[in-house]
């Protein structure tokens, strides 16, 4: 099946890390061990949302890098959520059964780098904190910069301070503390790599500053998981399967394909990995590409679409599925 | 991030001119100073100096540029060093030879910071050795530009004795360490900065085909 190996798990612990962030601890229902993973990995949770199947990707926390008994994720209640994160906050309790995919890492630590600068904004701390845990365990040089709106929303801040001491730099915008990327990037020795995860605007700003400071592309690493927006409904025809359906207003293209019973490829469900790239046969309307995988020229020639985050504004889309 | 860099485009163009199917065979581009770089370090050997003057003459980057130059082996030509001096860069170091230049490079890179870009031009074996030294000092591969000027001579590692032979102009060649006749393959190690040399007469000792010079 698409999405790789699936493990049936159940929630064994929940904790409110802040008013908007909930930590889940998940263990296999058959009592078997979960595999170890590298920092930066994510998993896709699949759960029954009542009227629909919810599939969301979450970074795996640094607390369970060794795998074994359980995995942990932290879920932000997203105000733009199409319901997935709100459902997890409101309905998931100890004992709830769900599935998680085998770990996938699209944001790994570069092991040939000599020094690591980790930058996180808000909930973007989840893969970044896992990297800090991995680097600390290996005794490799790193610094961790964590920006947050206010101390209440800074889940993990206390734990990270206890763990990493003066390698951690906190920036609380409520206290007028600003993260200055230029100061951080200044005078870093050769072989330093930069990792950033957070809101889209922050990622763009950090990467732009690094490029302006002459950093080469291979030293820059970012993870942007997009929460796909809804949009106007449109007709969808899957040419090889001979299926016609409709992609609803609050539904993604991939979800509509899955709801029609077609096992289409996917991995990250966030427009990053490229796994769900699908050939477009006819597009009666404009393709709204929202991914970070296709190049601008590939997007404009419109031969393929990433079904997890992109959609059509128009009448009908025909895919080679 | 996935858009090909100008370097990459140059490489693709070169690829069509060099029809080797071996993917590790290095491809060289054309030096072009990176505007955003905080510091430029230029390594040139022999005729490589002309690539440097072509790329840097009159460029704003010169105020932040250090050039390390080594004359071509056995060459008494002083013009390349004079041409480089006429660029008026921040610092010019004329080395007595490649060993001296690489030692100077190690010192320079030990205190270099991110934002530094490296430019290498000269014979093929010089580019390989200089790039290998720079990578060992922690610089990222995509912070290095290369342009091939001068001899197509190669640095070769004998797979049997692991010894290096520099300045190899043709294949087969004789290993300078163990004396075996080596077929020089296009297979290349970026870590060592050297091509692979394999005994050519293992099955039929003494049967050595005539040597063929490497193309430019």
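Residue numbers (this note's numbering), protein chains in the order written: chain A, 3 to 323; chain B, 510 to 725. Where a beta carbon is used, it is the ideal one built from N, C-alpha and C, also for glycine.
Assigned exposure category for residue i - 16 Cβ within 10 Å defines buried
| i | result |
| --- | --- |
| residue 569 of chain B | exposed |
| residue 303 of chain A | exposed |
| residue 687 of chain B | exposed |
| residue 722 of chain B | exposed |
| residue 10 of chain A | exposed |
| residue 682 of chain B | buried |
| residue 583 of chain B | exposed |
| residue 38 of chain A | exposed |
| residue 260 of chain A | buried |
| residue 254 of chain A | buried |
| residue 680 of chain B | buried |
| residue 660 of chain B | buried |
| residue 141 of chain A | exposed |
| residue 589 of chain B | buried |
| residue 115 of chain A | buried |
| residue 55 of chain A | exposed |
| residue 33 of chain A | exposed |
| residue 297 of chain A | exposed |
Sequence-distant residues of the same chain with beta carbon closer than 8 Å to residue i, five excluded per side
| i | result |
| --- | --- |
| residue 45 of chain A | 59, 60, 62, 73, 75, 102, 103, 104, 105 and 106 |
| residue 575 of chain B | 548, 549, 550, 551, 598, 599, 600, 601, 602 and 617 |
| residue 546 of chain B | 570, 573, 624, 625 and 626 |
Amino acids of chain B, ordered along the chain, whose beta-carbon sits closer than 9 Å to that of residue i
| i | result |
| --- | --- |
| residue 216 of chain A | 543, 544, 545, 546, 547, 548, 623, 624, 625, 626 and 652 |
| residue 193 of chain A | 623, 646, 647, 648 and 649 |
Contacting residues, own chain, Cβ-Cβ under 7 Å from residue i (five flanking each side not counted)
| i | result |
| --- | --- |
| residue 166 of chain A | 134, 138 and 146 |
| residue 4 of chain A | 265, 266, 267 and 268 |
| residue 517 of chain B | Model confidence at residue 517 of chain B stands at a pLDDT of 40, short of 50, so the residue's coordinates are unreliable; what they give is reported in the following sentence. Answer for residue 517 of chain B: no residue qualifies. |
| residue 542 of chain B | 549, 564, 565, 568 and 570 |
| residue 519 of chain B | Note that residue 519 of chain B scores a pLDDT of 40, beneath 50, so its modelled location is shaky; the value from the coordinates is reported in the next line. Same-chain partners within the cutoff: 538 and 539. |
| residue 716 of chain B | 710 |
Nearest-angstrom beta carbon gap, residue j and residue i [assumed within contact, 8 Å]
| i | j | result |
| --- | --- | --- |
| residue 632 of chain B | residue 554 of chain B | 6 Å |
| residue 64 of chain A | residue 136 of chain A | 7 Å |
| residue 300 of chain A | residue 281 of chain A | At roughly 12 Å, the Cβ-Cβ gap does not stay under 8 Å, so residue 300 of chain A and residue 281 of chain A are not in contact. |
| residue 225 of chain A | residue 274 of chain A | 7 Å |
| residue 314 of chain A | residue 290 of chain A | 7 Å |
| residue 162 of chain A | residue 241 of chain A | The pair is not a contact, with the Cβ atoms about 50 Å apart (cut-off 8 Å). |
| residue 192 of chain A | residue 648 of chain B | 5 Å |
Per-residue contacts from residue i into chain A (C-beta, under 8 Å)
| i | result |
| --- | --- |
| residue 491 of chain B | For residue 491 of chain B there is no data in the structure shown, the boundaries of chain B being 510 and 725. |
Chain B residues whose Cβ lies nearer than 7 Å to that of residue i
| i | result |
| --- | --- |
| residue 220 of chain A | 649, 650 and 651 |
| residue 189 of chain A | 622 |
| residue 116 of chain A | 647 |
Interface partners of residue i on chain A, CB under 9 Å
| i | result |
| --- | --- |
| residue 618 of chain B | 192 |
Beta-carbon contacts of residue i that lie in its chain and below 6 Å, excluding the five residues immediately before and after
| i | result |
| --- | --- |
| residue 562 of chain B | 592 |
| residue 15 of chain A | 27 |
| residue 7 of chain A | 104 |
| residue 112 of chain A | 195 |
| residue 51 of chain A | 89 |
| residue 311 of chain A | 228, 230, 273, 292 and 293 |
| residue 277 of chain A | 267, 268 and 269 |
| residue 94 of chain A | 13 |
Residue i: contacting residues in chain B (beta-carbon distance under 8 Å)
| i | result |
| --- | --- |
| residue 226 of chain A | Per Cβ cutoff of 8 Å: no residues; residue 226 of chain A is ~11 Å from chain B at best. |
| residue 213 of chain A | 545 |
| residue 184 of chain A | The premise fails here: residue 184 of chain A is roughly 11 Å from chain B at the closest Cβ pair, so nothing lies under 8 Å. |
(message) Using a Cβ distance threshold of 8 Å, determine whether the segment 658 to 672 of chain B contacts the segment 704 to 716 of chain B, with at least three qualifying pairs required.
(response) yes
(message) Can you confirm whether the segment 206 to 222 of chain A touches the segment 641 to 655 of chain B when touching is taken to mean that 3 or more C-beta pairs between the two stretches lie within less than 8 Å?
(response) yes
(message) With three or more beta-carbon pairs closer than 8 Å as the criterion, would you say the segment 118 to 133 of chain A touches the segment 195 to 211 of chain A?
(response) yes
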